[in-house]
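Below is one structure, written out as structure tokens, with a few remarks after it.
Protein chains: 2
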Amino acid sequence: MRESMWRQIAEDLRLKIESGELGAGGMPLPSELELRDSYRASRNTVRDAIKWLVTRGLVVTRPGQGTFVVQKIDPFVTTLSTDINAPRESTAYASEVMASSRIPKVSDPRIEIQQASGLTAAELHLQHGTSVVSRHQDRFIDGVPWSFQTTFYPMRLVEQGAEWIIRAQDLPTGIVGYIENVLGIKEVGCRDRFLVRPPDGAETNFFKLPDDGRISVIETIRTGYDQVGEPLRVTVTTYPADRNQFVMTAGKVPAEQTRALPRG
Amino acid sequence: MRESMWRQIAEDLRLKIESGELGAGGMPLPSELELRDSYRASRNTVRDAIKWLVTRGLVVTRPGQGTFVVQKIDPFVTTLSTDINAPRESTAYASEVMASSRIPKVSDPRIEIQQASGLTAAELHLQHGTSVVSRHQDRFIDGVPWSFQTTFYPMRLVEQGAEWIIRAQDLPTGIVGYIENVLGIKEVGCRDRFLVRPPDGAETNFFKLPDDGRISVIETIRTGYDQVGEPLRVTVTTYPADRNQFVMTAGKVPAEQTRALPRG
DNA sequence: CCGTATTTGTTCGTATGTATT
DNA sequence: CAATACATACGAACAAATACG
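One line per chain: the protein sequences are A and B, in this order.
Here the first sequence is numbered in the numbering used here, starting from 764 and rising by one per residue.
Here the second sequence is numbered in the numbering used here, starting from 764 and rising by one per residue.
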């Protein structure tokens, strides 16, 4: 069976884009009317072909301007610590970004008092409706939103004296270290969960993702436990899948510059 | 500005689908002609709305049958070992699946001799064109393709006497344990890389993913190193993002039944 | 600032092909 | 074979966003 015409046009455009024949140097593709003439098809058929390219993330269309090829993002590689004594997430982030010659920026923490529900109630072993403190931070690399993170603490930690949890400031020791210093409650282990899912509206907006849900987000959920096995905090971090990779080591491995992996 | 009509229709359909008013129990949605009449729009406009739902993965269309809502897959949670002495991947897989009351199946290994290139050459520190052995296995859960895995070994291991690497059989100790027994080369550490990317053609076909690249695959690349820091093998595992989650623990954490996390 | 040309976005209509029942 | 339902393709008109003189 012969391929549909819009599919053939899409494939031809894809090849010409990947060879650099079209769209090189930020130039727009030929307009829909020009493509209609050159392919001897109707404008709607050309639009079907372009829509296929848009869905695959190869091009973007801008009303009044034209159709442009998207440039690939240089991904950042996050090191996942398998060692509970590794440096805290907050401090590790900036140094890791700078080690790759890029500029990190972290927003000031945004504090909210919320009621435990769903994930937080389950992970922190709290009744639904119990108060939790959430600390939220947005993280940028070279000015581009790269990930964001929300950590939930049981309100009882504040009531027991760890009052800086509800201050909108970063602490040099990190909040987890602060809790250990003030309350003697130490995080001796954590469980990480990873999942990949479509972005919600807020994520689509913040990360400037295409609104068709084509780019997934990676969500990591880290629950920290104290000496008696009680959950101390749960940290939810969200990474757009188009600009993030992860690396983790176990046992003895030779050191190596962390870098993004190309396809091969 | 008012929302476009196709967008309004899509939103209305989405709400009716999520409330169960439409498509419940495997029933098809109303046909495009019926929707055209009920929304007082053209069939093309209704199709634009349906295309939006298809792109979001809410429905699938089948020629001659109708439009159906997709049911959510119950994800499987893979435990990532942070301990180099944990049981081998191959043996761990089946027991972990059975622990969640599901039926694992692993295909017989498919062996190929290939030339190192790109990823394998870089990770195994081999010249391009050097021979490598690839062992490939497909993994199923309840009969559904769930992941597949390819491990690359330098050909010199076979030449040094580890000849079972090129036999299409599973070994009770796993290949890595076999190499240790025969050659005395022990894997003392490994580096895992994680990335999320659109599926290629083979993956789309094997996992029966929609051909618009909407569902990403999660790729993990595990490179194992021996006592002298030389790479021993590299294992590439591919998981469709719509049916896989991961969990990893560090330090001391209370035991818990691994389960998929819902959104909340 | 304004008006015009260009370009993509939306919506309609119609006809024909292909897959399934 | 016939009926139904989605897929493809064409043509047309107007709206909205943008760029430019």
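The beta-carbon is built from N, C-alpha and C at its ideal position, and this holds for glycine as well.
- Query: Cα separation between B:T967 and B:D974?
  - Reply: In the second sequence, residue 967 of chain B corresponds to position 204, counting from 1. In the second sequence, residue 974 of chain B corresponds to position 211, counting from 1. Going from the Cα of B:T967 to the Cα of B:D974 covers about 6 Å.
- Between the CA atoms of A:G987 and B:T818 - distance to the nearest angstrom: Looking up residue 818 of chain B in the second sequence gives position 55. Looking up residue 987 of chain A in the first sequence gives position 224. Cα to Cα, the separation comes out at about 37 Å.
- Note the first and the last residue of the continuous alpha helix (DSSP H) segment covering B:F1028. Chain B is shown only over 764 to 1027; residue 1028 of chain B falls outside these bounds and no answer can be derived.
- Item | Beta-carbon neighbours of B:V959, restricted to chain A and to distances below 7 Å | Along the second sequence, read from residue 1 onward, the residue named residue 959 of chain B stands at position 196. Chain A residues near B:V959: V959, S979, I981 and A1004.
- Measuring CB to CB, does A:I938 end up less than 9 Å from A:L958? Counting from one through the first sequence, the residue named residue 938 of chain A turns up at place 175. Counting from one through the first sequence, the residue named residue 958 of chain A turns up at place 195. For A:I938 and A:L958, no; Cβs fall outside 9 Å.
- Task: Establish whether the CB of A:L843 and some CB of chain B are separated by less than 9 Å.
- Result: Along the first sequence, one-based indexing puts residue 843 of chain A at 80. It does: the Cβ of A:L843 has a partner Cβ on chain B nearer than 9 Å.
- Query: How would you list, in chain order, the residues of chain A whose beta-carbon sits under 9 Å from the beta-carbon of B:K1015?
  - Reply: Here residue 1015 of chain B is taken as the residue at index 252 of the second sequence, counted from 1. Within 9 Å Cβ-Cβ: I847, V951, G952, Y988, Q990 and G992.
- Query: Leaving out the 5 sequence neighbours to the left and right, which residues in its chain are closer than 6 Å to A:A884 when beta-carbon positions are compared?
  - Reply: Numbered from its first residue, the first sequence carries residue 884 of chain A at position 121. Contacts found: H891.
- Would you be able to state if there are at least three C-beta pairs under 8 Å between the stretch 929–944 of chain B and the stretch 1003–1013 of chain A? no
- The beta strand (DSSP E) with A:V980 in it runs from where to where? As a first step, residue 980 of chain A is located in the first sequence; it is residue number 217 there, counting from the start. V980 to Y988 is the extent of the beta strand (DSSP E) around A:V980.
- Task: Would you mind working out which of A:Q771, A:I984 and A:Q828 sits nearest A:R956, comparing C-alpha positions?
- Result: The residue you call residue 956 of chain A lines up with position 193 of the first sequence. Of the candidates A:Q771, A:I984 and A:Q828, the one whose C-alpha sits nearest the C-alpha of A:R956 is A:I984.
- Please confirm whether A:I874 and A:R898 have their CB atoms less than 9 Å apart. As a first step, residue 874 of chain A must be located in the first sequence, where it is residue number 111. As a first step, residue 898 of chain A must be located in the first sequence, where it is residue number 135. Yes, the Cβ-Cβ distance between A:I874 and A:R898 is below 9 Å.
- Message: Considering only the alpha carbon of each residue, which of A:P791, A:Q771, A:F831 and A:A965 lies closest to A:F911?
- Response: Here residue 911 of chain A is taken as the residue at index 148 of the first sequence, counted from 1. Closest option to A:F911, Cα to Cα, is A:A965.
- DSSP state of A:S864, grouped into three classes? Locating residue 864 of chain A in the first sequence gives position 101, where the first residue counts as 1. Looking at A:S864 - three-state DSSP - the assignment turns out to be coil, as it is neither helix nor strand.
- Message: Using a Cβ-Cβ cutoff of less than 7 Å, which residues in the same chain neighbour B:Q1028 once the five nearest sequence positions on both sides are dropped?
- Response: Outside the shown range of chain B, which is 764 to 1027, sits residue 1028 of chain B, and nothing can be said about it.
- Message: Excluding the 5 residues flanking B:V869 on each side, which residues of the same chain have their C-beta closer than 6 Å to its C-beta?
- Response: Within the second sequence, residue 869 of chain B is the residue found at index 106, counting from 1. The answer, listed in chain order, is Q900 and R902.
- Query: Helix, strand or coil for A:I874 per DSSP?
  - Reply: Position 111 of the first sequence, counting from 1, holds the residue named residue 874 of chain A. Strand, per DSSP.
- Message: With a threshold of 9 Å between beta carbons, is A:F970 in contact with chain B?
- Response: On the first sequence, residue 970 of chain A is found 207 positions in, with the first residue counted as 1. Closer than 9 Å: no.
- Query: Quick one: is B:F1009 near chain A, going by C-beta distance under 9 Å?
  - Reply: Indexing the second sequence from 1 puts residue 1009 of chain B at position 246. Closer than 9 Å to some Cβ of chain A, the Cβ of B:F1009 qualifies, so yes.
- Item | Helix, strand or coil at B:A931 according to DSSP, with G and I counted as helix | Taking the second sequence and counting its residues from 1, the one referred to as residue 931 of chain B is at position 168. Coil at B:A931, not helix or strand.
- Message: Please report the straight-line C-alpha distance between A:T1012 and B:I847, rounded to a whole angstrom.
- Response: For the purposes of this step, residue 1012 of chain A is taken as residue 249 along the first sequence, with counting starting at 1. For the purposes of this step, residue 847 of chain B is taken as residue 84 along the second sequence, with counting starting at 1. Rounded to the nearest angstrom, the two C-alpha atoms are 9 Å apart.
- Query: Should B:G788 go down as buried or exposed, given a rule of 16 or more other Cβ atoms within 10 Å for buried?
  - Reply: Position 25 of the second sequence, counted from the first residue, corresponds to residue 788 of chain B. By the 10 Å Cβ count, B:G788 comes out exposed.
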